[in-house]
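Q:
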Amino acid sequence: MELTDSQILDKVASGDAEAYELIVRRYQGMLYDLAYRLLGDVSEAEDAVQAAFVKIYSALGSYERGRSFRNWAYTITLNIARNRLKRRRLISFLPMFSSSARGEEDEAGLPEPAEAGSAPDVRLEGARLRSALEGAIAALPEDMKTPFVLFHLHGLAARDIAETMGVTPNVVSIRLSRARERLAARLSPEYPEYFRI
Numbered sequence: 013m014e015l016t017d018s019q020i021l022d023k024v025a026s027g028d029a030e031a032y033e034l035i036v037r038r039y040q041g042m043l044y045d046l047a048y049r050l051l052g053d054v055s056e057a058e059d060a061v062q063a064a065f066v067k068i069y070s071a072l073g074s075y076e077r078g079r080s081f082r083n084w085a086y087t088i089t090l091n092i093a094r095n096r097l098k099r100r101r102l103i104s105f106l107p108m109f110s111s112s113a114r115g116e117e118d119e120a121g122l123p124e125p126a127e128a129g130s131a132p133d134v135r136l137e138g139a140r141l142r143s144a145l146e147g148a149i150a151a152l153p154e155d156m157k158t159p160f161v162l163f164h165l166h167g168l169a170a171r172d173i174a175e176t177m178g179v180t181p182n183v184v185s186i187r188l189s190r191a192r193e194r195l196a197a198r199l200s201p202e203y204p205e206y207f208r209i
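Residue numbering for the sequence shown is 13 to 209, as defined by our numbering.
1. Kindly provide the ranges of any alpha helix (DSSP H) runs that are 4 or more residues long and lie completely inside the segment 41-112, ordered along the chain.
2. Taking the straight line between their C-alpha atoms, what separation do you get for L141 and Y203?
3. Can you find the residues in the same chain that come closer than 7 Å, C-beta to C-beta, to Y48, ignoring five residues on each side of it along the sequence?
4. At a threshold of 7 Å, does D59 count as lining the ligand ATP (C-beta to nearest heavy atom)?
5. Look at the alpha carbon of V183 and the alpha carbon of Y39, and state the distance between them as a whole number of angstroms.
6. So, for Y69: in the same chain, excluding its five sequence neighbours on each side, which residues have a beta-carbon less than 7 Å away from its beta-carbon?
7. Where do the ends of the alpha helix (DSSP H) carrying E205 lie?
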C-alpha cells in the first residue's frame, strides 16, 4: 500500500530522514516540469528543483497539514523559478554579463517522441506542431504561462492553482482564458485545423 504524503511527512518529522526520499521521488518529475517550462533551461530547472527540495525539507516545520502538500511544493518551486527569472532579467541588463546570460537557454529543448507505426510525414508534422506549441507556451508572459502549465500539463484545478499562485480562482480563470487566446492567435495562421480564434 502506497503511503500518503501525510504519512511520509510524519515519518520525516519523527526523525526518518530517508523517508524524505519518497517525497522527492513522488514530486521530482512534476516540479521539474514546472521549473523547466518556466525557465526554459534544463540545467537551471534541475538547480531550481534541487533548491526547492532543500527549501521544502528545511521548512517542513512551518507546513500547515490542512493544506495540500502538492500545492505547497508547487508554490515553493514557483517562487524559486520566479526569482531566477528576475535575476536573469537583471543580469541581461548588465553589459558585462549580457552575453553569458543569453547563452544556451534558448537552445534547450525536449526530444520529440516518434509514434510507432506513423508515417514519416505524420511524425514530422507532429514534431513541428509540438515544437510550435512549446515555443508559443514558452513565449507566454509568466503570469499566464504558470496557470496554463499547471492546469493543462499538470492537471491542477483552478482553486489549487489559485492557492499555489496566491491569487483567486477567478484570476486563474481569466489568465487561462487569455493564455488560450494568445496561443490560438499565434498558432492559428500555421495550424488553423487545431487552433481557431
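All residues carry an ideal CB built from backbone N, CA and C; glycine is no exception.
A: By the coordinates alone:
1. 54-70 and 81-105
2. Here residue 141 refers to the residue found at position 129 of the sequence shown. Here residue 203 refers to the residue found at position 191 of the sequence shown. Distance between the alpha carbons of L141 and Y203 is about 8 Å.
3. Along the sequence shown, read from residue 1 onward, the residue named residue 48 stands at position 36. The beta carbon of Y48 is closer than 7 Å to those of V54 and A57 in its chain, skipping five residues each way along the sequence.
4. Ligands displayed in this structure: none; no statement on the ligand ATP is therefore possible.
5. In the sequence shown, the residue the question calls residue 183 occupies position 171. In the sequence shown, the residue the question calls residue 39 occupies position 27. If you take the alpha carbons of V183 and Y39, they lie about 26 Å apart.
6. Here the question's residue 69 lines up with position 57 in the sequence shown. The answer, listed in chain order, is Y32.
7. Your numbering for residue 205 matches position 193 in the sequence shown. Note, E205: premise wrong, no alpha helix (DSSP H); not H, not E.
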